[in-house]
Structures are given as structure tokens and as C-alpha cells.
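Peer 1:
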Amino acid sequence: MQMTPTFSAATRACALAQLAQFIPHAGSAYAEHRNLHRPGHPHVSQLSPYLRSRLLTEAEVIRAARDAHGDSADTFVAEVLWRAYWKGWLEMRPQIWRETQAGVAASLARLDRDRPLAHTFEAACTGQTGIDGFDHWARDLTATGYLHNHQRMCFASIWIYTLHLPWQLGADFFLRHLLDGDPAANTLSWRWVAGLHTPGKQYLAQAEVITTLSDGRHWPKGLAQRVFPVAAPPSPVPGPCPQGGLWNRTLPTALLLHEDDLSPDWLLQVGLRPLSTAFLLAPDARSPRPVSPLIKEFLRRAVTDCSRRLAADLSTLHGPVQGPGAVDALVAWARQSGAAQIVTPFAPVGPVASLLASLDTRLAAENIRLVRAMRPYDAALWPHATQGFFRFHQTARALVQQGLV
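Residue 46 in my numbering is what sits at position 40 of the sequence shown, and the numbering runs on without skipping anything.
See the structure below:
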């Protein structure tokens with residue numbers, strides 16, 4: 007029996023091989039079977055951990071799917087586009103991320119005061135609730151760093167409506183275990199299940215659906231039969247979408263890569279020749295609680311792959327830098343490199359972006375520019391994530407069909 011993947015090979019070559027294996031199934035077969043809960047999940051791409059760190063890019067995946075299937079790949083392409091939608095939506099409402107982090111801290115403090123809640127929380131995280139399906143998914147997630155998308159929806163629904171646990175703790179649990187966990191997709195997906203992203207639209211897991219989609223392997227009992235309102239401030243009005251900076255080609259320049267984007271090819275192709283290249287990782291900043299060693303090992307391997315694959319273009323290498331002293335270490339590296347500017351791929355809202363904001367302030371005191379360069383794909387799509395996905399998808403699909411992303 008094919009088992010859930012482990013993603014031990016965090017390399018671009020492995021990502022491309024996985025893409026090639028999936029592409030024949032990216033058309034009508036994906037649209038028909040993508041929600042099935044089957045061992046090994048052969049009906050979905052399993053590319054998300056590679057996309058998370060951009061060992062493989064969304065544009066590459068969309069292009070491959072459309073080249074093979076044309077418009078028949080629309081369902082799969084739409085799933086890929088959700089990533090840009092979530093990121094753009096959060097970029098224009100960054101306070102949602104700050105509120106969520108505050109909610110995690112408040113909920114963890116509540117566990118110290120509420121022993122029954124703490125017991126339920128621990129049972130949910132370790133897969134010992136007695137709920138068939140849910141417990142399997144919890145154990146599978148912590149063992150592999152992966153969970154099928156529809157299972158994630160069902161898990162979040164059971165967490166909120168059956169177990170009555172704070173959704174922020176569920177989002178935090180995912181973020182510290184998912185190899186593909188990123189602040190935008192993870193936070194906003196949990197908010198969607200809780201009815202906070204689209205007011206009045208909540209997701210209720212149904213036992214018969216889980217049983218059907220799992221071919222009868224799971225028969226959950228005692229699931230909630232109705233949803234209830236989840237308290238939260240209303241979603242804020244979107245602010246302006248950020249724009250990437252422009253780097254000065256005449257200045258001595260160093261390159262800073264980070265866990266949100268480990269494919270600098272697009273910068274090298276337009277003439278960037280760095281004096282030195284550093285790597286920034288921030289897995290421990292994802293959560294106040296311990297982050298899975300699987301995430302840390304995946305990122306370490308991904309950095310190693312990038313370093314080896316592009317060594318000839320990256321000049322001297324530094325890092326990966328991580329931990330509490332990361333900003334100090336990067337300032338020292340920037341000074342020693344002799345660079346007047348540091349170019350880095352634009353980091354979306356989350357731990358890396360927060361570190362870059364601190365680094366920007368410190369570098370400015372050294373008279374060194376930090377330039378956050380935005381990929382054309384992100385620049386084209388993020389500004390359209392002002393409302394719901396349907397409207398975003400209309401525009402994004404047209405851009406895809408025109409070959410503009």
C-alpha cells in the first residue's frame with residue numbers, strides 16, 4: 007500500500023520529478039478525484055512543500071498543467087491560484103496576522119487556567135480524542151508534516167465545532183507541523199472554516215462525507231451537527247497592496263535568500279551578481295510552542311540544495327542564519343561583504359517579513375539599503391485579492407490564459 011509521502015528530499019530535482027509524475031493527472035482526473043482520502047493521496051499533486059519555499063514556483067506548475075491539459079486543468083490551476091489569493095488578501099490586511107498571533111498567546115494562557123480545555127487540546131494534538139479519522143490525521147500530520155487539503159478542512163471543523171477548541175490554537179498546531187504551512191494560507195483557511203473570512207459561510211464536517219471519501223476506512227462518531235458563531239472583529243478594509251523595491255545595478259550588492267523564496271534564478275537572469283549570498287531561516291518564529299523538527303530539516307536541506315545548485319552564481323555563502331541573533335548576524339555579514347545594498351525576495355506577511363523589517367532598520371543605520379524585490383507573478387496577482395476568491399479568480403484566470411503570469 008502506498009503510504010503518505012515524507013518529503014525527505016527537499017530539492018528542486020525532487021520537486022520537478024514530482025511535478026512530472028503528477029502532470030498527467032492534472033486535468034479532469036484531478037477535478038473528479040481531488041477530495042478522496044486515499045492512502046498516498048495519488049490524486050493530488052503533493053507539491054505544496056516545494057511551493058512553500060519556492061524550490062518550485064507557482065508559475066512553473068500552472069504552465070506545465072496548462073501545456074498538458076489546456077482549460078481542462080482549470081480546477082487544478084484554481085487550487086494553485088488560491089495561494090496567491092491568500093497571500094495578497096493578507097498583504098492588504100496584515101493586522102489579521104497580528105490579531106491571530108495575539109489570539110494564539112491568549113489561548114495558550116487560557117490552557118493554563120482551564121484544565122478540561124487543556125486536556126482536550128492535548129488529546130487533539132496527539133490524536134487521542136477517540137474520533138475516528140481525526141485522530142489518524144493528527145498522528146499522520148505530526149509524523150509526516152503533510153495532510154491532504156480536504157482532511158485539513160474536516161480537521162479544522164471538528165477542532166472548532168465538535169471539540170470547541172480555539173481556532174487560533176488549531177492554526178498554530180498546523181503551522182508548527184505542516185511542511186507547507188505559511189501564515190496566509192494557513193491562517194485564512196482556518197478563518198474560512200470558522201466563518202470569519204466569508205461572514206455567514208462556515209464549514210461543517212459531516213461523518214457520512216468522511217466515510218464516503220475515505221472508502222469506508224473512517225467512521226467518525228459524535229461530530230457536531232451544527233455550527234455556531236465564532237467571535238472575532240470584522241475583517242478590515244483592505245489597505246494598499248505593497249510593491250517591491252527596485253535595486254540599483256551600479257551599487258555593490260549582496261543577496262539575502264530566505265525560507266519563503268529559495269529560487270533566485272529570476273534575479274540572476276536579470277543581471278544580479280551578488281558579492282555574497284546569505285540564507286535566513288525562521289522556523290522557530292512560527293509559534294510560541296516547539297516547531298516540528300521535520301520542518302527544520304526540510305528547510306536545511308532546501309538551503310543546501312539551493313547552495314549547491316546555484317553555487318557558481320551566488321559567490322561566497324553565509325548561513326543559514328536563524329535564531330534570536332539572526333538580525334545581528336546579518337548586519338555583520340552585510341557590513342563584511344562590502345555591499346551598499348542587499349537584495350532579497352519579497353517576503354509575505356509572517357515571521358520572515360517581521361525579521362526583514364527589523365533588519366531594514368538596522369541596515370539603514372549602516373547606510374546599507376535593503377531592497378525587497380517582488381516576483382512578477384506576485385506583483386500581477388496580489389493586488390486583485392481585495393474581496394472573495396470568485397472575483398479574484400475571474401481576473402487571475404484571464405491573466406493565466408493570456409500568458410501574463
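Idealized CB from N, CA, C, for every residue including glycine.
Is it right to say Phe396 is buried, meaning 16 or more other beta carbons lie within 10 angstroms of its own, or is it exposed?
Peer 2: exposed
Peer 1: State buried or exposed for Arg341, treating a residue as buried only when at least 16 other CB atoms are found within 10 Å of its CB.
Peer 2: Of the other Cβ atoms in all chains shown, fewer than 16 fall within 10 Å of the Cβ of Arg341; this residue is therefore exposed.
Peer 1: Please classify Val243 as buried or exposed, where buried requires at least 16 other C-beta atoms within 10 Å of its C-beta.
Peer 2: exposed
Peer 1: Decide if Arg72 is buried, meaning its Cβ has at least 16 other Cβ atoms within 10 Å, or exposed.
Peer 2: buried
Peer 1: For Pro226, count neighbouring Cβ atoms within 10 angstroms of its own Cβ and tell me buried if that reaches 16, exposed if not.
Peer 2: buried
Peer 1: Would Tyr152 and Thr81 qualify as a contact pair, given that the criterion is a beta-carbon distance under 8 Å?
Peer 2: no
Peer 1: Taking its Cβ as the centre, do 16 or more other Cβ atoms sit within 10 Å of Gln134, making it buried, or is it exposed?
Peer 2: exposed
Peer 1: Would you kindly work out how many angstroms separate the C-alpha atoms of Asn155 and Thr148, rounded to a whole number?
Peer 2: 15 Å
Peer 1: What is the DSSP secondary structure of Thr259, reduced to helix, strand or coil?
Peer 2: strand
Peer 1: Tell me, to the nearest whole angstrom, how far the beta carbon of Leu365 is from that of Leu336; I am working on the premise that it is less than 8 Å.
Peer 2: Contact holds; Cβ gap of about 6 Å.
Peer 1: Going by beta carbon distance, what residues of the same chain come within less than 6 Å of Met7, once the five residues before and after it are set aside?
Peer 2: Here Met7 scores only 31 on pLDDT, less than 50, and its place in the model is too uncertain to base an answer on.
Peer 1: When the Cα of Ser195 is compared with those of Phe161, Leu171, Gln212 and Pro55, which residue comes out closest?
Peer 2: Phe161
Peer 1: Cβ atoms of Arg315 and Ala16: under 8 Å apart, would you say?
Peer 2: Going by C-beta atoms, Ala16 is not nearer than 8 Å to Arg315.
Peer 1: List the residues that DSSP assigns as beta-bridge partners of Ser282.
Peer 2: The partner list for Ser282 (beta bridge, DSSP) reads Thr322.
Peer 1: Can you tell me whether Leu252 is buried or exposed? The criterion is at least 16 other CB atoms within 10 Å of its CB, across all chains shown.
Peer 2: exposed
Peer 1: Who does Val349 pair with in a DSSP beta bridge?
Peer 2: Leu261 and Val377
Peer 1: Does the region 276-294 come into contact with the region 320-337, if we say contact requires no fewer than three beta-carbon pairs (one atom in each stretch) closer than 8 Å?
Peer 2: The region 276-294 makes contact with the region 320-337: 3 or more CB pairs, one atom from each, lie closer than 8 Å.
Peer 1: Should Thr106 go down as buried or exposed, given a rule of 16 or more other Cβ atoms within 10 Å for buried?
Peer 2: Thr106 is buried by the Cβ-count criterion.
Peer 1: DSSP puts Asp178 in a beta bridge; with which residues?
Peer 2: According to DSSP, which records beta bridges pairwise, Asp178 is partnered with nothing at all.
Peer 1: In three-state DSSP terms, what is Val355?
Peer 2: Val355: coil per DSSP, three-state reduction.
Peer 1: Below 6 Å CB to CB, which residues in the same chain sit around Gly245 once its five sequence neighbours on both sides are set aside?
Peer 2: Met98
Peer 1: To which residues of the same chain is Val199 closer than 8 Å at the C-beta, ignoring the five residues directly before and after it?
Peer 2: So the qualifying residues of the chain are Met159, Ala162, Ser163, Ile166, Trp173, Gln208 and Tyr209.
Peer 1: Would the beta-carbon of Gly206 fall within 8 Å of that of Val233?
Peer 2: no
Peer 1: For His170, is the classification buried or exposed, using 16 other Cβ atoms within 10 angstroms of its Cβ as the cut-off for buried?
Peer 2: exposed
Peer 1: Thinking C-alpha only, which one of Ala404, Gln393 and Phe304 is nearest Gly94?
Peer 2: Gln393
Peer 1: Which residues bound the alpha helix (DSSP H) around Cys312?
Peer 2: Pro299 to Arg315
Peer 1: In angstroms with no decimal places, state the Cα-to-Cα distance between Phe398 and Gln407.
Peer 2: 14 Å
Peer 1: Leaving out the 5 sequence neighbours to the left and right, which residues in its chain are closer than 6 Å to Ala238 when beta-carbon positions are compared?
Peer 2: Leu202
Peer 1: Counting pairs of beta carbons, one from the region 73-92 and one from the region 47-65, are three or more of them closer than 8 Å?
Peer 2: yes
Peer 1: Excluding the 5 residues flanking Arg18 on each side, which residues of the same chain have their C-beta closer than 7 Å to its C-beta?
Peer 2: Excluding five sequence positions before and after Arg18, the CB atoms of its chain that fall closer than 7 Å to its own CB belong to Leu61, Leu62, Asp311 and Arg315, given in chain order.
Peer 1: List the endpoints of the continuous alpha helix (DSSP H) containing Phe140.
Peer 2: Phe140 to Thr150
Peer 1: My parser needs the alpha helix (DSSP H) runs of 4 or more residues fully inside the region 55-93; what are they?
Peer 2: 64-75
Peer 1: Assuming contact is defined by CB atoms lying nearer than 8 Å, are Trp103 and Thr193 in contact in what I supplied?
Peer 2: yes
Peer 1: Less than 7 Å between C-beta atoms, sequence neighbours within five positions excluded: which residues of the same chain meet that for His413?
Peer 2: Lying outside 7 to 411, the shown extent of the chain, residue 413 is not represented and no answer is given.
Peer 1: Quick one: grab the DSSP three-state call for Asp334.
Peer 2: helix
Peer 1: In this structure, does DSSP put Asp271 in helix, strand or coil?
Peer 2: helix
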